[in-house]
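Here's the structure, in structure tokens; my notes come after.
Protein chains in written order, with my numbering: chain A, 88 to 444; chain B, 88 to 444.
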């Protein structure tokens, strides 16, 4: 367990078991779902049993191990082909969060490296498990660093607004947007959080409120629509959100509704911070218009919580993400330091420092 | 039935029966709740069985008749006192929508006038029922006029975004914000509507989507958080919303989330129109900061869909309304014409023209 919540578990060696904290059941139940096959992991990612860009990357890395169970017997060529096939399958689970591809790319690259160096299949599997553990540990360490860097933006008595869940549940560690809150709290600051409930799937109500309350942090829940009222009322000192993908010019793709919060923060002269590891940046994309936006099923909106709450047959517009233009972002908090007023030059600078380009 | 939906029914004479379309059960069931006492009406208004500023005003007027059942036997002094007491009770049902007080004031004034002129108690009751019917008929006629005036802002092929329900279900007629859509459609224009679901009580999903689909108008449902994405994507040509109270300077109080939509519309250079009868204006209030904002129970947010969707004991910020500054309003559509770029002078002008000041 690398963070305050055990989001993703691997038990045993290269033939071990993957299980995921079943986030669709929170806060009512804390249960773990065992993942026996790659297809089960794809399904779990799609139904958001595990979600949050960094956590998806870590889960996918372990997912490669799930797919390789019994591959000790394979010859190297077959093993190489299987790793690629598994990564290809997992890459199709969700389109937007770039960490998924980042985690899978690392697993594929490690397999290539080991096999090219003449490693046996069992040794390659051991190396791949080591790579997955490393990705998870690095993610947790990165969260700690994001917490440190971001906490410089906080002082005791502040109230921050957050959207969706970019906390421990979204990572293998203590989260991205919430890491500065955890860090500041540990260092004796009193930080309160307003958590947007985040329709349609209520990650704010079900997950952010749950993990903050569990950590004894002062948390207030509000509907997404009430965020404007809260921001205009003077009660909010800063906004902290995570990201699913950040383009080279600093445009930020994150959970649907983030753009609204950014516009409202700007209108009320409240700083808007994005907290994200460098693995969330996509240097291939010039700007946010190139980020693929996942459209989710209508039923999430019309019958998200059991009873149907809209007329039968109604058309639904249900994008899972939106893009906040870089110009609305006060700073991006990365493990390589703050990127204030992000633009192409400043983002390239931090990516170069972090070895991403 | 004065509009496309029979929101409020009075059957019989001065001893007749009030029943309300039970809007909490839509869209699953279309049932009517019989209102036997004033307290039952207060409870119905509070649980939003009837909602929407104009509809609350009409329901309250009929509510006075419910409280006066059997009052034929009263002497004039007792009758006068009873009317005032009933109006006082109903006035406490909800604090924000000014039409409630407007409707009650008219009933009290009519009773005073009749009794001062020496009318008998039975004759006064007949006059009061006539007043309630007149309020309902005037509301429906005003909706028609709002439709005509507002339709000037539409042209065929346009898509409008609306928030909450300011349609037939919110009035005794064809609505406020939706009246221009109904009017334009009847006159052969093709208008599509994006309906914000409007958490916490989903009036957009349950009511607006229902009444528009029923009228064969092209409607798309979206979460409140997705409105920013829709407005930024270029698919929306204009925003039309209703109002619960408008201050003398043109600040608009409406369903929570309206302010966010206004800010997002402005940021994307999309016109933001408020459609409201003059009875929704409150000439007593200098600006929006003086409008009392109702705080609603936490359970609307934490268990609005049945099962609990947030941790036990969580604090909730749940204001029912917010205030949109006049500067964000492109125009207010009234039965006395458009008030473009509303400010104190222009609002006073229209109120004077309509005899409200």
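Backbone N, C-alpha and C define an ideal beta-carbon position, used for all residues, glycine too. Since the structure is predicted, the reported quantities are computational estimates derived from the model, not experimental observations.
Identity of the residue in the options nearest residue i by Cα
{"i": "residue 306 of chain A", "options": "A/316, A/292, A/312", "result": "A/292"}
{"i": "residue 411 of chain A", "options": "A/355, A/350, A/422", "result": "A/350"}
{"i": "residue 434 of chain B", "options": "B/365, B/266, B/405", "result": "B/365"}
{"i": "residue 378 of chain A", "options": "A/100, A/338, A/168, A/384", "result": "A/338"}
{"i": "residue 105 of chain B", "options": "B/139, B/156, B/138", "result": "B/156"}
{"i": "residue 335 of chain B", "options": "B/384, B/250, B/360, B/444", "result": "B/444"}
{"i": "residue 370 of chain B", "options": "B/165, B/118, B/186", "result": "B/186"}
{"i": "residue 304 of chain A", "options": "A/284, A/246, A/343", "result": "A/246"}
{"i": "residue 385 of chain B", "options": "B/91, B/109, B/400, B/372", "result": "B/400"}
{"i": "residue 376 of chain B", "options": "B/395, B/358, B/413", "result": "B/413"}
{"i": "residue 328 of chain B", "options": "B/219, B/300, B/176, B/237", "result": "B/237"}
{"i": "residue 390 of chain A", "options": "A/289, A/325, A/359", "result": "A/289"}
{"i": "residue 285 of chain B", "options": "B/278, B/296, B/172", "result": "B/296"}
{"i": "residue 239 of chain A", "options": "A/325, A/438, A/397, A/372", "result": "A/325"}
{"i": "residue 310 of chain A", "options": "B/261, B/279, B/355, B/387", "result": "B/387"}
{"i": "residue 211 of chain B", "options": "B/195, B/172, B/222", "result": "B/195"}
{"i": "residue 50 of chain B", "options": "B/116, B/107, B/425, B/141", "result": "Residue 50 of chain B lies beyond the range of chain B shown here (88 to 444); nothing can be said about it."}
{"i": "residue 192 of chain B", "options": "B/231, B/206, B/207, B/215", "result": "B/215"}
{"i": "residue 323 of chain B", "options": "B/259, B/372, B/436, B/244", "result": "B/244"}
{"i": "residue 171 of chain A", "options": "A/95, A/188, A/344", "result": "A/188"}
{"i": "residue 447 of chain B", "options": "B/287, B/241, B/340", "result": "Here chain B covers residues 88 to 444 and nothing more, so residue 447 of chain B does not appear."}
{"i": "residue 142 of chain B", "options": "B/126, B/110, B/169, B/436", "result": "B/110"}
{"i": "residue 299 of chain B", "options": "A/342, A/397, A/129, A/367", "result": "A/397"}
{"i": "residue 139 of chain A", "options": "A/123, A/416, A/262", "result": "A/262"}
{"i": "residue 118 of chain A", "options": "A/129, A/95, A/359", "result": "A/95"}
{"i": "residue 183 of chain A", "options": "A/382, A/226, A/230, A/256", "result": "A/382"}
{"i": "residue 124 of chain B", "options": "B/151, B/440, B/198", "result": "B/151"}
{"i": "residue 362 of chain B", "options": "B/226, B/165, B/253", "result": "B/253"}
{"i": "residue 279 of chain A", "options": "A/260, A/249, A/287", "result": "A/249"}
{"i": "residue 223 of chain B", "options": "B/190, B/234, B/232, B/251", "result": "B/190"}
{"i": "residue 206 of chain A", "options": "A/159, A/219, A/130", "result": "A/159"}
{"i": "residue 345 of chain A", "options": "A/355, A/359, A/354", "result": "A/359"}
{"i": "residue 374 of chain B", "options": "B/353, B/137, B/403, B/409", "result": "B/409"}
{"i": "residue 197 of chain B", "options": "B/218, B/181, B/209", "result": "B/218"}
For residue i, the residue or residues it bridges with in DSSP
{"i": "residue 122 of chain B", "result": "B/105"}
{"i": "residue 402 of chain B", "result": "A/307"}
{"i": "residue 282 of chain B", "result": "B/249, B/308"}
{"i": "residue 420 of chain A", "result": "A/362, A/425"}
{"i": "residue 96 of chain B", "result": "B/106"}
{"i": "residue 369 of chain A", "result": "A/334"}
{"i": "residue 408 of chain B", "result": "B/342"}
{"i": "residue 382 of chain A", "result": "A/406"}
| query | Which residues, in order along the stretch 336-357 of chain A, keep a beta-carbon less than 7 angstroms from a beta-carbon of chain B? | reply | Those residues of the stretch 336-357 of chain A that come within reach of chain B (Cβ to Cβ, closer than 7 angstroms) are 343, 344, 346, 347, 350, 351, 354.
| Where are the alpha helix (DSSP H) runs, 4 residues long or more, that stay fully inside the stretch 292-351 of chain B, in chain order? | Complete alpha helix (DSSP H) runs here, min 4: 296-301, 314-320.
| Taking a cut of 8 angstroms between CB atoms, which residues from the stretch 313-336 of chain A lie near chain B? | If you check each beta-carbon in the stretch 313-336 of chain A against every beta-carbon of chain B, the ones closer than 8 angstroms belong to 313, 314, 315, 316, 317, 319.
| task | Output the residue ranges of the beta strand (DSSP E) runs that lie fully inside the stretch 182-264 of chain B and measure 3 residues or longer, sorted by chain position. | result | 246-249, all fully within the stretch 182-264 of chain B.
| query | For the stretch 251-269 of chain A, which residues have a CB atom closer than 7 angstroms to at least one CB atom of chain B, in sequence order? | reply | Under the 7 angstroms Cβ criterion, the stretch 251-269 of chain A contributes no residue.
| Counting Cβ pairs, one atom from each stretch, are 3 or more of them under 8 angstroms apart for the stretch 416-434 of chain A and the stretch 309-327 of chain B? | No: fewer than three Cβ pairs fall under 8 angstroms.
| At a Cβ cut of 8 angstroms, what residues of the stretch 286-299 of chain A count as close to chain B, listed as they run along the chain? | Contact residues of the stretch 286-299 of chain A toward chain B are 286, 287, 289, 292, 293, 296, 297 (C-beta to C-beta distance below 8 angstroms).
| message | Count Cβ pairs between the stretch 95-110 of chain B and the stretch 260-267 of chain B that sit closer than 8 angstroms; are there 3 or more? | response | Fewer than three pairs of CB atoms, one per stretch, sit closer than 8 angstroms, so the stretch 95-110 of chain B makes no contact with the stretch 260-267 of chain B.
| the stretch 172-188 of chain A contacting the stretch 137-149 of chain A, beta-carbon criterion three pairs below 8 angstroms | With a cut-off of 8 angstroms, the stretch 137-149 of chain A and the stretch 172-188 of chain A count as touching, because enough Cβ pairs lie within range.
| Going along the chain, which residues of the stretch 97-131 of chain B sit with their C-beta nearer than 8 angstroms to a C-beta in chain A? | Those would be 114, 115, in chain order.
| request: List in chain order: all unbroken alpha helix (DSSP H) runs of 4+ residues lying wholly within the stretch 123-189 of chain A. | output: Every alpha helix (DSSP H) of 4 residues or more that sits fully in the stretch 123-189 of chain A is shown, in chain order, as 125-133, 140-154, 163-178.
| When you check each C-beta in the stretch 229-250 of chain B against every C-beta of chain A, which residues fall closer than 7 angstroms? | Those residues of the stretch 229-250 of chain B that come within reach of chain A (Cβ to Cβ, closer than 7 angstroms) do not exist; the list is empty.
| In the stretch 370-388 of chain B, which residues sit with their C-beta less than 7 angstroms from some C-beta in chain A, listed in chain order? | Flagged, chain order: 388.
| query | Between the stretch 165-195 of chain B and chain A, which residues of the former have CB atoms less than 8 angstroms from a CB of the latter, in chain order? | reply | The residues in question: there are none.
| said: For the stretch 302-313 of chain A, list every residue whose C-beta sits within 9 angstroms of some C-beta in chain B, in sequence order. | reply: Using a CB distance below 9 angstroms, the part of the stretch 302-313 of chain A facing chain B consists of 305, 306, 307, 308, 309, 310, 311, 312, 313, ordered along the chain.
| request: Using a Cβ-Cβ cut-off of less than 9 angstroms, list which residues of the stretch 128-155 of chain A approach chain B; keep chain order. | output: Taking 9 angstroms as the Cβ-Cβ cut-off against chain B, none of the residues of the stretch 128-155 of chain A qualify.
| What are the residues of the stretch 392-404 of chain B that lie near chain A, defined by any Cβ-Cβ distance shorter than 9 angstroms? | Taking 9 angstroms as the Cβ-Cβ cut-off against chain A, the residues of the stretch 392-404 of chain B that qualify are 392, 393, 394, 395, 396, 397, 398, 399, 400, 401, 402, 403, 404.
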